[in-house]
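Engineer:
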Amino acid sequence: MTKLHKKQQLITFEQLPKTPTGITGLDEITGGGLPNGRPTLICGEAGCGKTLMSLEFIVRGATEFNEPGVFMAFEEKADELASNVASLGFDLLKLQDDKKLRLDHVHIDRSEIEETGEYDLEGLFIRLGFAIDSIGAKRVVLDTLENLFSGLSNQTILRAELRRLFAFLKEKGVTAIITGEKGDGSSLTRQGLEEYVSDCVILLDHRVINQISTRRLRVVKYRGTQHGTNEYPFLIDEDGISVLPVTSLSLEKEVSSERISSGIPSLDSMFGGKGFFQGSSILVSGTAGTGKTSIAASFANEVCGNKKRCLYFAFEEAPKQILRNMKSINLDLQKHIDNGLLEFHASRPTLYGIEMHLVAIYKIIKRFKPAAVILDPITNLITVGSVSEVKSMLIRLIDFLQDEQITVMFTALSLNTVVSEQTDEGVSSLVDTWLLVRDIESNGERNRGLYIMKSRGMSHSNQVREFTITDKGLSLVDVYLGPDGVLTGSAREAQKLREKTGVALREFAISRKDKEILRRRMMLESKIASLQAEFESTEEELNKIYLEEELKQNIIERNRQEITDIRRGNADTLKSKSKSKK
Amino acid sequence: MELDEVIKYELRLYVAGKTAKSVTALTNLKKYCEEHLKGQYVIEVIDLLQQPQLAEGDQIFAIPTLVRKVPEPIRKIIGDLSNEEKVLVGLNIIPVSK
Chain V
0 MTKLHKKQQL
10 ITFEQLPKTP
20 TGITGLDEIT
30 GGGLPNGRPT
40 LICGEAGCGK
50 TLMSLEFIVR
60 GATEFNEPGV
70 FMAFEEKADE
80 LASNVASLGF
90 DLLKLQDDKK
100 LRLDHVHIDR
110 SEIEETGEYD
120 LEGLFIRLGF
130 AIDSIGAKRV
140 VLDTLENLFS
150 GLSNQTILRA
160 ELRRLFAFLK
170 EKGVTAIITG
180 EKGDGSSLTR
190 QGLEEYVSDC
200 VILLDHRVIN
210 QISTRRLRVV
220 KYRGTQHGTN
230 EYPFLIDEDG
240 ISVLPVTSLS
250 LEKEVSSERI
260 SSGIPSLDSM
270 FGGKGFFQGS
280 SILVSGTAGT
290 GKTSIAASFA
300 NEVCGNKKRC
310 LYFAFEEAPK
320 QILRNMKSIN
330 LDLQKHIDNG
340 LLEFHASRPT
350 LYGIEMHLVA
360 IYKIIKRFKP
370 AAVILDPITN
380 LITVGSVSEV
390 KSMLIRLIDF
400 LQDEQITVMF
410 TALSLNTVVS
420 EQTDEGVSSL
430 VDTWLLVRDI
440 ESNGERNRGL
450 YIMKSRGMSH
460 SNQVREFTIT
470 DKGLSLVDVY
480 LGPDGVLTGS
490 AREAQKLREK
500 TGVALREFAI
510 SRKDKEILRR
520 RMMLESKIAS
530 LQAEFESTEE
540 ELNKIYLEEE
550 LKQNIIERNR
560 QEITDIRRGN
570 ADTLKSKSKS
580 KK
Chain Y
0 MELDEVIKYE
10 LRLYVAGKTA
20 KSVTALTNLK
30 KYCEEHLKGQ
40 YVIEVIDLLQ
50 QPQLAEGDQI
60 FAIPTLVRKV
70 PEPIRKIIGD
80 LSNEEKVLVG
90 LNIIPVSK
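Going line by line, the protein sequences match chains V and Y. Note that numbering that gives the first Met the number 0 has the first sequence beginning at 0, numbered continuously upward. Note that numbering that gives the first Met the number 0 has the second sequence beginning at 0, numbered continuously upward.
(1) Quick one: is V:T20 buried, meaning 16 or more other Cβ sit within 10 Å of its Cβ, or exposed?
(2) Quick one, which residues of the stretch 292-321 of chain V are near chain Y if we go by CB-CB under 8 Å, in chain order?
(3) Can you list, in chain order, the residues of its chain with a C-beta nearer than 7 Å to that of V:G116? Leave out the 5 residues immediately preceding and following it.
(4) Tell me whether the beta-carbon of V:G179 lies closer than 8 Å to the beta-carbon of V:C303.
(5) Please classify Y:Q58 as buried or exposed, where buried requires at least 16 neighbouring CB atoms within 10 angstroms.
(6) Rounded to a whole number of angstroms, what is the C-alpha to C-alpha distance between V:S297 and V:V430?
(7) Report the option in V:I211, V:T228 and V:L434 whose CA atom is closest to the CA atom of V:R217.
(8) Between the beta-carbon of V:T174 and the beta-carbon of V:T18, is there less than 8 Å?
(9) Note down, in chain order, every chain Y residue with its Cβ under 8 Å from the Cβ of V:V69.
(10) Counting only the same chain and skipping the five closest in sequence on each side, list residues whose C-beta sits under 7 Å from that of V:E492.
(11) Once DSSP output is grouped into helix, strand and coil, what is the label at V:M452?
(12) Can you list, in chain order, the residues of its chain with a C-beta nearer than 7 Å to that of V:A61? Leave out the 5 residues immediately preceding and following it.
(13) With distances taken between CB atoms, is the gap from V:E194 to V:V200 smaller than 8 Å?
(14) Tell whether a beta-carbon distance below 8 Å holds between V:S260 and V:G274.
(15) Just how far apart, CA to CA, sit V:H104 and V:F343?
(16) Would you check if the stretch 265-272 of chain V and the stretch 470-477 of chain V touch, i.e. whether three or more CB-CB distances between them fall below 8 Å?
(17) Do you know whose CA, among V:Q190, V:E230 and V:R222, lies nearest V:D204's CA?
(18) Output yes if chain V places a C-beta closer than 8 Å to the C-beta of Y:N82; else output no.
(19) Does DSSP put V:K17 in a helix, in a strand, or in coil?
(20) Taking C-beta to C-beta, are Y:Y31 and Y:L87 nearer than 8 Å?
(21) So V:G408 is in the beta strand (DSSP E); what residue range does that whole segment cover?
(22) Given a cut-off of 8 Å on the beta-carbon distance, is the pair V:I377 and V:A411 in contact?
(23) For V:M522, count neighbouring C-beta atoms within 10 Å of its own C-beta (all shown protein chains included) and say buried if the count is 16 or more, exposed if not.
(24) Considering only the alpha carbon of each residue, which of V:R445, V:V407 and V:I364 lies closest to V:R290?
(25) Listed in chain order, which residues of the stretch 12-28 of chain Y have Cβ atoms closer than 7 Å to some Cβ of chain V?
(26) Give me the subset of the stretch 132-149 of chain V whose CB atoms are less than 9 Å from a CB atom of chain Y, sorted by chain position.
(27) Between Y:E55 and chain V, is any beta-carbon pair separated by less than 8 Å?
(28) Tell me which same chain residues have a C-beta within less than 8 Å of the C-beta of V:P232, skipping the five on either side of it?
(29) So for V:M457, helix, strand or coil by DSSP?
(30) For V:M355, write down the residues that DSSP places opposite it in a beta bridge.
(31) How far does the alpha helix (DSSP H) with V:E539 in it reach, from first residue to last?
(32) Nearest by alpha-carbon distance to V:E113: which of Y:S21, Y:K75 and Y:D46 is it?
(33) Cα separation between V:T537 and V:V502?
(34) Taking Y:Q50 as the reference, give the member of Y:Y13, Y:A61, Y:K29 and Y:E83 with the closest Cα.
(35) At what residue ranges does the stretch 227-305 of chain V contain a whole run of the beta strand (DSSP E), taking only runs of 3 or more?
(36) Mind checking whether V:T188 and V:E145 have CB atoms under 8 Å apart?
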């Protein structure tokens, strides 16, 4: 991969010399600027920004690259031009006094001019040559050369002279821009100027689709170099022209394993207790009123609380409205705004085209350098572009943000409540983390359930949590999963109460059983005791009988002995007999 | 002084060096003026190769260009002035001469 990079760099060095325009983004598309010492054609319809782009080329050259320039205007007068671009901060008259710029207005009025016989445009050449030499100009703009065609009728001469003019410009070694009106059909300019300018042709376009206009730029041709061939949107604002060159989908960006808290501790715990990856993209989708903006706002609050910058693009609510609403859930965003950590940018999506939004976002991010960006909601963008357009815009935005290591949170409104739902914008596959907030409707009330649809590269909870918004802030509660299904809200509370009652009842039942067992035991024990006593008395009885029997036997024996002794008269025998018996 | 009063036409011819077209234009111009405006005109020839800074003032872009400074309004005729009628109409001479 690195080898390839080196090779590409090498090619860049071998390319023809280029003159940087200083126009944001244009130099990236053209790989360094316009061809040095050659004429470039900028063509487009009326009002597409040709004059402004060429003028910015001259002004940037004079102010940033120290290359004086000549602006030859065939349409507007010098002072008109100066006042037109004063709002962009270009002070043409001052530059002219400093000999950095020369404005020359060529006035061609057919009613004042009569043509007879042969002529050439040497006068123009002399004027131009004089202007170039007087300030040592490196850059020249001819705006709009085609006005010659409306003022002069001899086309043969004009065409021959134009060819000579371009040769003259090349000979002078100036980098020139020639502007031309777009012609009918497929021709780039009305008078076919493109056949004279063969080095670089840039087409500007101003399209209105669904009542929303978008300016676009395309490098039609750039001989001897590689260049971006797509249509790039561009924006004209107080800083001049900016073109957005973000289309690289090289997927070679750096990744961070740093984590950034979501601002809701219980949500963080669903992500293994640490929150999102820094520089990742997070999508929060859900139906209306599920608290998407609240999640976004608490994320913003967290980012700013860590002394990092956060940009909040609101497409639906005014900043003041968001501030007020968030105050009700204990989020004070105003203090972050005062600290300069938080910036709101609210605009209706219909303000301009989708690409314009991207350019505007891009510009603001470049300026503000935030750590996190919030877009709330992206769904509204769909009103100004088709799904595929919005998707391609968001791809580029995510790309850009990940390059810059900026965490981005989108909120999106989803319309259906099927679990496998897709967001309208089809970005769910692009984002790294997708939170889904769902309405759970039961028992005549509506509760919010939150779960993580996906979160790349980290372990995350698979559980549905109940998402509660209180005046203390946002938090997640475990939902009750019971035999009756998922219970939330008051049903959950009721179930909890029911459980509590159940426990109490069970405890009572157990203690009653215990007592009964005890009583039973005592009863049985006493029974055992009485039986024992009975047994003993019976045994005694038996023993008594036995003893009496024995006693009787002994007495009988003795008596018999005595009788025998008496009969024999032998006292000794009586003695030994009693001994052996023992 | 008397000459000034009769001068009705101040003409200026812009050329760039002695090119064939410039020479033709000057010859033609002199011829028409002598024919139609004898004694009423002044011709000033400006060579832009020597005085390029003058091109801007009279809005010159083609060579040769004939500029009628007086009488007002300013009229311009570009080319080698080979078409006599066009030149005379352009300079508003024909109605004057009639």
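Note that CB positions come from ideal geometry on N, CA and C, so glycine has one too. Only a predicted model underlies this, so the values are computations on that prediction, with no experimental measurement involved.
Structural biologist: In terms of the structure at hand:
(1) Residue 20 of chain V sits at position 21 when you count from the first residue of the first sequence. Classification for V:T20: buried.
(2) none
(3) Position 117 of the first sequence, counted from the start, is the residue given in the question as residue 116 of chain V. Taken in chain order, the list of residues that qualify is empty.
(4) Taking the first residue of the first sequence as 1, we reach residue 179 of chain V at position 180. Taking the first residue of the first sequence as 1, we reach residue 303 of chain V at position 304. Taking 8 Å as the Cβ cut-off, V:G179 and V:C303 do not qualify as a contacting pair.
(5) Locating residue 58 of chain Y in the second sequence gives position 59, where the first residue counts as 1. The residue in question, Y:Q58, is buried, as its Cβ has 16 or more Cβ neighbours within 10 Å.
(6) Here residue 297 of chain V refers to the residue found at position 298 of the first sequence. Here residue 430 of chain V refers to the residue found at position 431 of the first sequence. In a straight line, the C-alpha of V:S297 is about 20 Å away from that of V:V430.
(7) Counting from one through the first sequence, the residue named residue 217 of chain V turns up at place 218. Nearest of V:I211, V:T228 and V:L434 to V:R217, Cα basis: V:T228.
(8) Working through the first sequence from its first residue, we reach residue 174 of chain V at position 175. Working through the first sequence from its first residue, we reach residue 18 of chain V at position 19. Yes, the pair counts as a contact, with Cβ atoms nearer than the cut-off.
(9) Counting from 1 along the first sequence, the entry for residue 69 of chain V is found at position 70. Those do not exist, as V:V69 stays about 12 Å from chain Y at its closest Cβ, beyond 8 Å.
(10) In the first sequence, residue 492 of chain V corresponds to position 493, counting from 1. Contacts found: none.
(11) Within the first sequence, numbered from 1, the residue matching residue 452 of chain V stands at position 453. Three-state DSSP puts V:M452 in a strand.
(12) Residue numbering aside, residue 61 of chain V sits at position 62 when the first sequence is read from its first letter. Same-chain partners within the cutoff: P67, G68, L94, K99 and L100.
(13) Residue 194 of chain V sits at position 195 when you count from the first residue of the first sequence. Residue 200 of chain V sits at position 201 when you count from the first residue of the first sequence. Cβ atoms of V:E194 and V:V200: not closer than 8 Å.
(14) Residue mapping note: residue 260 of chain V aligns to position 261 of the first sequence, counting from 1. Residue mapping note: residue 274 of chain V aligns to position 275 of the first sequence, counting from 1. For V:S260 and V:G274, yes; Cβs fall inside 8 Å.
(15) Against the first sequence, residue 104 of chain V aligns to sequence position 105. Against the first sequence, residue 343 of chain V aligns to sequence position 344. Looking at the two C-alpha atoms, the distance is approximately 44 Å.
(16) yes
(17) Translated into the one-based positions of the first sequence, residue 204 of chain V becomes position 205. Here the closest residue by C-alpha is V:E230.
(18) Numbered from 1 along the second sequence, position 83 holds the residue referred to as residue 82 of chain Y. Output row for Y:N82: interface = yes.
(19) By one-based count along the first sequence, residue 17 of chain V stands at place 18. In the structure shown, V:K17 sits in a strand (DSSP, three-state: E or B).
(20) Within the second sequence, numbered from 1, the residue matching residue 31 of chain Y stands at position 32. Within the second sequence, numbered from 1, the residue matching residue 87 of chain Y stands at position 88. Yes, the Cβ-Cβ distance between Y:Y31 and Y:L87 is below 8 Å.
(21) Along the first sequence, read from residue 1 onward, the residue named residue 408 of chain V stands at position 409. The sequence given here places Met at residue 408 of chain V; Gly does not occur at that position. Counting along the chain, the beta strand (DSSP E) containing V:M408 begins and ends at T406 to L412.
(22) Residue mapping note: residue 377 of chain V aligns to position 378 of the first sequence, counting from 1. Residue mapping note: residue 411 of chain V aligns to position 412 of the first sequence, counting from 1. Cβ distance < 8 Å, so V:I377 and V:A411 count as in contact.
(23) Here residue 522 of chain V refers to the residue found at position 523 of the first sequence. The residue is exposed, with fewer than 16 neighbouring Cβ atoms inside 10 Å.
(24) On the first sequence, position 291 is the one that residue 290 of chain V refers to. As written in the sequence, residue 290 of chain V is Gly, which differs from the Arg given in the question. Closest by alpha carbon: V:R445.
(25) Y13, A15 and K20
(26) D132, S133 and L147
(27) In the second sequence, residue 55 of chain Y corresponds to position 56, counting from 1. Closer than 8 Å: yes.
(28) Along the first sequence, one-based indexing puts residue 232 of chain V at 233. Here the set comprises T213, R214, R215, L216, V242, L243, G352, E354, M355, L357 and V358.
(29) The count along the first sequence starts at 1 and reaches residue 457 of chain V at position 458. Coil.
(30) Indexing the first sequence from 1 puts residue 355 of chain V at position 356. For V:M355, which the question treats as bridged, DSSP gives no partner whatsoever.
(31) Translated into positions along the first sequence, residue 539 of chain V becomes position 540. It spans G488 to R567 - the alpha helix (DSSP H) in which V:E539 sits, taken as one unbroken run.
(32) By 1-based counting over the first sequence, the position of residue 113 of chain V is 114. Closest by alpha carbon: Y:K75.
(33) Position 538 of the first sequence, counted from the start, is the residue given in the question as residue 537 of chain V. Position 503 of the first sequence, counted from the start, is the residue given in the question as residue 502 of chain V. Computed Cα separation, rounded: 52 Å.
(34) In the second sequence, residue 50 of chain Y corresponds to position 51, counting from 1. Per the Cα distances, Y:Y13.
(35) Every beta strand (DSSP E) stretch that sits fully inside the stretch 227-305 of chain V and reaches 3 residues is listed by chain position as 230-236, 239-242 and 280-285.
(36) Taking the first sequence and counting its residues from 1, one reaches residue 188 of chain V at position 189. Taking the first sequence and counting its residues from 1, one reaches residue 145 of chain V at position 146. It is a contact, given that the beta carbons lie within the stated cut-off.
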